[in-house]
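Protein chains: 2
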Amino acid sequence: MISRKMEGLVKGSSVIRAMFEEGRQMAEKYGAENVFDFSLGNPNVPAPDEVNAAMIDIIKNTDSVKLHGYMSNAGHTEVRLAIADSLNKKFGTDYDENCIIMTVGAAGGLNVALKAILDPGDEVIAFAPYFGEYNNYVSNFDGKIVSITPDTQTFQPNLSEFEQKISNRTKCVIVNSPNNPTGVIYSEETLRRMGAILEKKQSEYGTVIYLITDEPYRELAYDGASVPWVPKFYKNTIVGYSYSKSLSLPGERIGYLVIPKGADGAEELVSACSVATRILGFVNAPSIMQLVIGKCLDASTDVSYYDRNRNTLYEGLTSLGFTCTKPEGAFYLFMKSPLDDEKEFVNIAKKYHLLLVPGSTFMCPGYVRIAYCVSYDTVVNSLPMFKKLAGEVL
Amino acid sequence: MISRKMEGLVKGSSVIRAMFEEGRQMAEKYGAENVFDFSLGNPNVPAPDEVNAAMIDIIKNTDSVKLHGYMSNAGHTEVRLAIADSLNKKFGTDYDENCIIMTVGAAGGLNVALKAILDPGDEVIAFAPYFGEYNNYVSNFDGKIVSITPDTQTFQPNLSEFEQKISNRTKCVIVNSPNNPTGVIYSEETLRRMGAILEKKQSEYGTVIYLITDEPYRELAYDGASVPWVPKFYKNTIVGYSYSKSLSLPGERIGYLVIPKGADGAEELVSACSVATRILGFVNAPSIMQLVIGKCLDASTDVSYYDRNRNTLYEGLTSLGFTCTKPEGAFYLFMKSPLDDEKEFVNIAKKYHLLLVPGSTFMCPGYVRIAYCVSYDTVVNSLPMFKKLAGEVL
């Protein structure tokens, strides 16, 4: 009774989401303090105070029809202009309100961008490990995902394989840095080489290849690391941003797309994204959240909170003998599974009430993802459980 | 550089939305008070006071992580339960939280439901005149829309043509009552006959045919008219609701789907809609708006405001010699175009700063839609302009 495509999806469902539900059930059974749920990227840090203050101020001082009514599908003009100005200050760019389309989070933005550009059979390249939802987003528009195998030494994209796999059907490439699930920041050198490869391939095939950069973690970088601004390295870049993590607003669904003026077909692309926003049923990003963002462009989440979790977890796990990549950004730690089959390892971990996500969900088996956007207590109290787990498997 | 499907859509774009943008430009040029923009269903009535009060209360008294964080893709459990209880009280049904999926407005809900059920080539029946976006929603999932010609006497669905056009590929039927653009409420008699036809055809073909009822205008009914609860007349009904009009919150994108327990494949359908919510990029309906709805189930918009507009406009236009269907609900008036080509009529009306939407947008040429969700002054001051228009065309 449901569609054939959905039948498979319902059966597979999202491993991460299924674990989220499982975690809730375990918490009810054993008490929340006895369950160490590292499964979902749901920030445990409250939104900055400015957010709720701005929200109340806006509610009290904005005409209701303006506040809650329709606006252009691309969003409130003054908010888009404020975001463009803010990006211009940070990155020395020349964006205006027409470069910005407000979206229902980054997930909404990616779907809008893919709807705008993909014809059936078009190829979309992604670098493993990557967020498994990309597979579904691409499939929504009958695109074909082409996965590049991971470089497990650095978790920087494998550019030689990338170059080989670009074809005349390659319509776009998706990158995500700081990366989910590895926490790695793609370096300037990586992006420069990637841009050069794309330029070369565009000339070779006479095509336009868009680089979509999914950046919900842009603001979460540690040890003073800077996250390169991808459009600097390749003009046909589309940026997808979200405030889910940077302002701890994942449930409110607010983000934006940037389509730089200089991108090939920029004007057409902006129109297409606006129409896609409408016909996919988003219509527009939630109005009040747009207005809140317009007032909170300088607000930021408390990165030191995640940093403490990161250090405690990384040191704790490596001292127990686990092999981990030290995250440079985001709030995920990617750990090598001591067992060949990481799903078996994940199941054993559940015995100790440790909820981890198998790397195969990210097209990278043999690893697990630990989302440390949890309370510090959860991190600290999980370590004795990880010790027991180490005792069983190492 | 954009997809072939989008090329056509960008060119055609939405006539209604294009007019919305045109109206804004005209308002800047001539002054808002001199432009009579009847183009968009954007309520001019403020949201009820309870809405903003509830919002502030929730912001002040809810833990930030709960308030702004992720929840199940289907939405906050307690809100879904409250909605189910409220429907049960109103309609004597037996719904629980599992029957309700919170959506990004009705547009989001319809896309979710169609994604859940449509295989490429499946047929979706709609009764002209109908909201033109249905064409795009169905096309998003490669369905094929089958349009039933209007009965321009009553604007009730033409059920004899309906019966003939149901095939073994008919996957669903979309109805919308109170209707956009006619304001007609589909009668109990209509729905009873429609249900019987669907039952018969399901048996004949051995298929399941869902009836999707798009109900953003359910609360807007005049002269004591009641809007029948569609699932009473056919068990395989999916209800799509939105608070855009009933609480004047169109920009906030909040609504829900109801999947009644007794519907064929209900459990599977609920799972599929939940997964569709996630993978289409909605992820969940905006969190704060869900919580607000949970507190405002008894709030309602001021229908008398629209009623006054309705009566003034209907009497004004008919006394000028225009032929109109008197609306029973919603906030649209469907008027016969005095010219065969209603697009020409719409263009002439623009000279008098009257913005109307051509009926061909609703698969019903020869008529125009007048959205009277505007200020009373706009209605009153538009009548002298309609008089000049009548002088030119009647």
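These protein sequence lines are chains E and X, in that order.
So for the first sequence, the numbering used here puts the first residue at 1; every next one is plus one.
So for the second sequence, the numbering used here puts the first residue at 1001; every next one is plus one.
Cβ coordinates follow ideal geometry from the N, Cα and C atoms, glycine included.
Here the structure is a predicted model, which is why all the values come from computation and not from measurement.
Between residue i and chain X, is any beta-carbon pair separated by less than 7 Å?
i: G195 (chain E); result: no
i: G143 (chain E); result: no
i: N397 (chain E); result: The structure shown has nothing for residue 397 (chain E), since chain E only spans 1 to 394.
i: D119 (chain E); result: yes
i: I212 (chain E); result: no
i: M1 (chain E); result: yes
i: S287 (chain E); result: yes
i: A390 (chain E); result: no
i: N180 (chain E); result: no
i: L317 (chain E); result: no
i: V124 (chain E); result: no
i: V208 (chain E); result: yes
Just to confirm before moving on: does the CB-CB distance between residue i and residue j stay below 7 Å?
i: Q290 (chain E); j: H68 (chain E); result: no
i: A1106 (chain X); j: G1255 (chain X); result: yes
i: N1309 (chain X); j: Y1372 (chain X); result: yes
i: S160 (chain E); j: V357 (chain E); result: no
i: K1115 (chain X); j: F1141 (chain X); result: yes
i: A1225 (chain X); j: E1328 (chain X); result: yes
i: D96 (chain E); j: A82 (chain E); result: no
i: V1263 (chain X); j: K1235 (chain X); result: The residue asked about is misnamed: residue 1263 (chain X) is Ala in this sequence, not Val. Cβ distance < 7 Å, so A1263 (chain X) and K1235 (chain X) count as in contact.
i: V15 (chain E); j: H353 (chain E); result: no
i: T237 (chain E); j: L211 (chain E); result: yes
i: S1147 (chain X); j: M1001 (chain X); result: no
i: Y1332 (chain X); j: P1181 (chain X); result: yes
i: I174 (chain E); j: A126 (chain E); result: yes
i: N136 (chain E); j: I145 (chain E); result: no
i: I1059 (chain X); j: I56 (chain E); result: yes
i: D214 (chain E); j: N176 (chain E); result: yes
With 7 Å as the threshold, decide whether the Cβ of residue i is near any Cβ in chain E.
i: Y1305 (chain X); result: no
i: R1004 (chain X); result: yes
i: G1321 (chain X); result: no
i: M1055 (chain X); result: yes
i: I1059 (chain X); result: yes
i: V1283 (chain X); result: yes
i: G1265 (chain X); result: yes
i: G1108 (chain X); result: yes
i: P1048 (chain X); result: no
i: S1064 (chain X); result: yes
i: A1018 (chain X); result: no
How many angstroms separate the CA atom of residue i from the CA atom of residue j?
i: V1123 (chain X); j: N284 (chain E); result: For the record, residue 1123 (chain X) in the displayed sequence is Glu; it is not Val. In a straight line, the C-alpha of E1123 (chain X) is about 28 Å away from that of N284 (chain E).
i: P1338 (chain X); j: T1325 (chain X); result: 14 Å
i: D1063 (chain X); j: A47 (chain E); result: 10 Å
i: V270 (chain E); j: K1005 (chain X); result: 15 Å
i: V104 (chain E); j: G1108 (chain X); result: 11 Å
i: T93 (chain E); j: L87 (chain E); result: 7 Å
i: T1318 (chain X); j: R1369 (chain X); result: 15 Å
i: A1053 (chain X); j: E28 (chain E); result: 32 Å
i: S3 (chain E); j: K261 (chain E); result: 40 Å
i: P1157 (chain X); j: N1381 (chain X); result: 34 Å
i: R1193 (chain X); j: V1227 (chain X); result: 16 Å
i: V1346 (chain X); j: S248 (chain E); result: 47 Å
i: F386 (chain E); j: L320 (chain E); result: 8 Å
i: R218 (chain E); j: E268 (chain E); result: 27 Å
i: C1296 (chain X); j: M1102 (chain X); result: 15 Å
Name the DSSP beta bridge partners of residue i, please?
i: G1329 (chain X); result: X:A1221
i: P358 (chain E); result: E:V368
i: E33 (chain E); result: Looking at the DSSP assignment, E33 (chain E) forms no beta bridge with any residue, so it has no partner.
i: T213 (chain E); result: E:V175, E:V239
i: G255 (chain E); result: E:T103, E:S242
i: F345 (chain E); result: In DSSP, F345 (chain E) forms no bridge with anything.
i: F1334 (chain X); result: X:T1325, X:R1369
i: I1125 (chain X); result: X:V1146, X:V1173
Comparing the C-beta of residue i with each C-beta of chain C, is any distance below 7 Å?
i: S226 (chain E); result: The structure shown contains no chain C; its protein chains are E and X.
At a Cβ cut of 9 Å, what residues of the region 1245 to 1260 of chain X count as close to chain E, listed as they run along the chain?
L1247, S1248, L1249, P1250, G1251, E1252, R1253, I1254
Just by C-beta distance, which residues in the region 1066 to 1088 of chain X are closer than 8 Å to chain E? L1067, H1068, G1069, Y1070, M1071, S1072, N1073
For the region 1141 to 1167 of chain X, which residues have a beta carbon sitting closer than 7 Å to at least one beta carbon of chain E? none
Identify each residue in the region 269 to 281 of chain E for which the Cβ-Cβ distance to at least one residue of chain X is less than 8 Å, and report them in chain order. L269, S271, A272, V275, A276, R278, I279, L280, G281
The region 1331 to 1358 of chain X: which residues have C-beta closer than 7 Å to a C-beta of chain E, in chain order? none
_Give me the subset of the region 1032 to 1044 of chain X whose CB atoms are less than 9 Å from a CB atom of chain E, sorted by chain position._
L1040, G1041, N1042, P1043, N1044
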